[in-house]
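Using our numbering, you'd call the opening residue of the sequence shown number 1 and step up by one each time.
Accompanying notes for the structure given below.
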Amino acid sequence: MTVPMPAASTKPSASTPRGKRPKAGIHYTVSVKRPASHLFEVVLVVDAPATRQKLSLPVWIPGSYLVREFSQHLQNLRATQGREAVRLKQLDKHTWMAEGVQPGKPLKVSCEVYAFDASVRTAYLDVTRGFFNPTATCLRVHGREDEPCTLTLERGTSPDGWQAATALKPQRCDADGFGRYLASHYDELADSPVELGVFWSGEFTVRGVPHRFVVSGTGAWFDGDRLLADTRKIVETQMAFWHGPDGKPPFDRYLFMLFASGTGYGGLEHRYSTALICQRNDLPRKPTSGEPSLPKEPKVGDGYTTLLGLISHEYFHTWNVKRLRPAEFARYDYGRENYTELLWFFEGFTSYYDDLFLRRAGLVDDATYLKLFAKSLNQVLQTPGRHIQSLAQASYDAWVKYYRVGENTPNATVSYYTKGALLALCIDQTLRQKHGSTLDEVMRALWARCGDGPLKESDVRAVLQQLSGGKAFNPLLDQWIHGRNDLPVDELLKGSGVKVSTAPAPLAQRLGLRVQEQNGIVTVKTVLRGGAADEAGLAAGDEWLGVELPPAKRGQASEAWRVNELKDLELYLHGRSSLTALVSRDKQLLRLPMSWPAPAKVVRLAVDQEATVRAWLNG
């Protein structure tokens, strides 16, 4: 059931007191200009500019480690003081200098921003919906980053019925959320995305903190009450994890913004909010004809379970990366890459806890949780790059490797998300089985040690030394974080009461391939290093047309068959141990002899000793 909104809600109302104008000398206004053309209008007013005022647009957004060049979508940039034009000299790809500025006179800088990226990272606008991150729209005023600033959201030419939602503090807003908001400094502004359009909205309060959930892109079938209730369970469980039964969280409001799309998926954490994308089919549906809400129970492979895991992941970041953060992120540099070797901790450990909190919140059972973890384990084991790149290297190279996925990515890299989650399990189970402690205690001790501030690897090592009663973890961390060998996951899981078994792997994995099958055409997307396909010489981009097979018995003829699906191979092979792949590459037809691989396995996890597993999963 939707909880009535408390007075301190993140949703502004027409009764928001006007009060006095905030003491801010920097003012941004974002207007919906031409939705059909995907254009926002952005106006910046600097009350007391420098004579030579430098301005720049960020090149990346914190939480997504890739230089995205937001300035590519900025156009018609101009500056004035009163009726006089001010020259803007471009210094580089994202920086400008306002020259000849008259002291004591406000500087007005305006531009248009093309917004047609439906991800959580940039900006989007059409006749159905609007969304933007200030990093993609709002110029930074150099030398004034620590001053308060305002953001005014104007309806402009937005369609009738549109609303606005953001986690910024409202100053003077109407009932639909349009109006003026206050940010304490540019970092807070940059960290506060805005959702525009017609959306569903629900609220609840936990420990005095109002939480609002807005969902756009959905229909009358959407069961918002179910999503709100399940999200509340996640929030309550995580607050108890960090602050015990009665503690207060370090934030006074929170906003979930979810866009339900046809095919998208993703999330990006912020200090007081998160932006999420899921497929519409992932949302819970209202019951019809007396039937219960669908899906009835979250389970592995169910889109709703995936969505709940995403919500859990991004909410955990409210502590782990937005407040407890890498020392290298103590002050963001928006103009260049910000390197750290610690993403295995901030993303990997968060990935360990996201599904674990679904279990602790009662949203999935023990068996389902273990299946979810097995999925992560198999993803790592199916990545040859785990022997090429350490977790520390994967973190540092995120800027050039993790977000730049190509056909060779699995062969050269490992995910600091998935292998980082395995590392978290290894530390957790080692503490539980050998030292009478837990990773839960480590996280809370790090929060007490570093608080709302920077963290280094040395802090993790110091806390582990304290909780393990010595330095036993140091050589393990040297191997697990900076080495390239497999982690002892199987052994530690067995010690935690989990049954570890194997099952036959899918055919593509056995062959060492990742393919796309569409309209009877099999296209090779990735060839995994060391597999049968790699040994045969297949390459990404090959179209696998057919196979030639030797005679099944003496005196019989050889065979040739068309391949429309990869599974056709097992039918055609019929006990033979070799084949010749017929492929098309760059309009050339190639014959590639291949030896049929030995059976491969995937890991399966199940409850073996129920009490031991429960002791771990219950926390």
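Idealized CB from N, CA, C, for every residue including glycine.
Item: Bridge-paired residues (DSSP) for LYS419; Value: Answer is none; LYS419 lacks a bridge partner.
Item: Collapsed DSSP secondary structure at CYS138 in the structure displayed; Value: coil
Item: Assigned secondary structure, ARG449 (DSSP; H/G/I helix, E/B strand, else coil); Value: helix
Item: Identity of the residue in THR150, PHE259, ALA327 and LEU139 nearest GLY335 by Cα; Value: LEU139
Item: Pairwise C-alpha distance: GLU154 and ARG172; Value: 12 Å
Item: Short Cβ contact (8 Å threshold) for ALA118 with PHE132; Value: no
Item: Residues that HIS313 bridges to, as DSSP identifies them; Value: Answer is none; HIS313 lacks a bridge partner.
Item: Whole-number beta carbon distance between HIS94 and SER56, since they are thought to touch under 8 Å; Value: 5 Å
Item: Euclidean distance between Cα positions of ALA394 and THR340; Value: 10 Å
Item: VAL627 and LEU370 closer than 8 Å at C-beta; Value: In this structure the chain extends from 1 to 619, so residue 627 is not present and cannot be described.
Item: Helix, strand or coil at SER15 according to DSSP, with G and I counted as helix; Value: Unreliable placement is indicated for SER15, whose pLDDT of 37 sits below 50; the coordinate value is still reported in the next sentence. Note: SER15 maps to coil in three-state DSSP.
Item: Span separating the alpha-carbon of LEU605 from that of VAL380; Value: 15 Å
Item: Pair within 8 Å by beta-carbon distance, CYS450 and LEU487; Value: no
Item: Cross-strand partners of LEU153 (DSSP beta bridge); Value: VAL30 and GLY179
Item: Outcome for LYS419 when other beta-carbon atoms lying within 10 angstroms are tallied against a minimum of 16; Value: buried
Item: PRO22 versus TRP242: straight-line alpha-carbon distance, rounded; Value: Residue placement at PRO22 is flagged as unreliable, the pLDDT there being 49, under the threshold of 50; the coordinate-derived value follows with that caveat. Between PRO22 and TRP242, the C-alpha separation is close to 34 Å.
Item: Contacts around ASN411, its chain only, beta-carbon distance under 7 Å, and the 5 residues preceding and following it disregarded; Value: PRO384, GLY385, LEU528 and ARG529
Item: Cβ-based neighbour list, ASP176, same chain, cut-off 6 Å, excluding 5 preceding and 5 following; Value: GLN163
Item: Length of the line joining the Cα atoms of ALA183 and THR29; Value: 13 Å
Item: Nonlocal neighbours in the same chain, by C-beta distance under 7 Å from ALA367, ignoring five residues either side; Value: ALA606 and VAL607
Item: Sequence-distant residues of the same chain with beta carbon closer than 8 Å to ASP621, five excluded per side; Value: As displayed, the chain neither begins before 1 nor continues past 619, which places residue 621 out of reach and without an answer.
Item: Neighbourhood of ALA540 by C-beta distance below 7 Å, restricted to the same chain and skipping five residues each side; Value: GLU407, VAL524, LYS525, THR526 and VAL527
Item: Per DSSP, cross-strand counterpart(s) of GLU517; Value: VAL522
Item: CB of LEU477 within 8 Å of CB of SER437, strictly; Value: no
Item: Which residues DSSP lists as bridging ASP92, in chain order; Value: THR95
Item: Distance between beta carbons of ALA50 and VAL101, contact taken as under 8 Å; Value: 7 Å
Item: Unbroken alpha helix (DSSP H) run spanning GLU491, endpoints; Value: 489-495
Item: Anticipated Cβ contact below 8 Å, ILE61 with ARG52, distance rounded; Value: Going by Cβ atoms, the distance from ILE61 to ARG52 rounds to 28 Å, so no, they are not a contact pair.
Item: Neighbourhood of LEU189 by C-beta, 8 Å cutoff - its chain only, sequence neighbours within 5 removed; Value: TYR28, PRO134, CYS138, CYS149, LEU151, LEU168 and ALA183
Item: 4-residue-minimum alpha helix (DSSP H) runs that sit fully inside the segment 158-224, ordered along the chain; Value: 186-190
Item: Coarse secondary structure for GLU570, derived from DSSP in three states; Value: helix
Item: LEU569 beta carbon less than 8 Å from that of VAL547; Value: yes
Item: Beta carbon of LEU308 nearer than 8 Å to that of ASP230; Value: yes
Item: Spatial distance of GLN81 from ARG129 (CA atoms); Value: 34 Å
Item: Helix, strand or coil at LEU605 [DSSP, three-state]; Value: strand
Item: Distance CB(LEU513)-CB(ALA533) smaller than 8 Å; Value: yes
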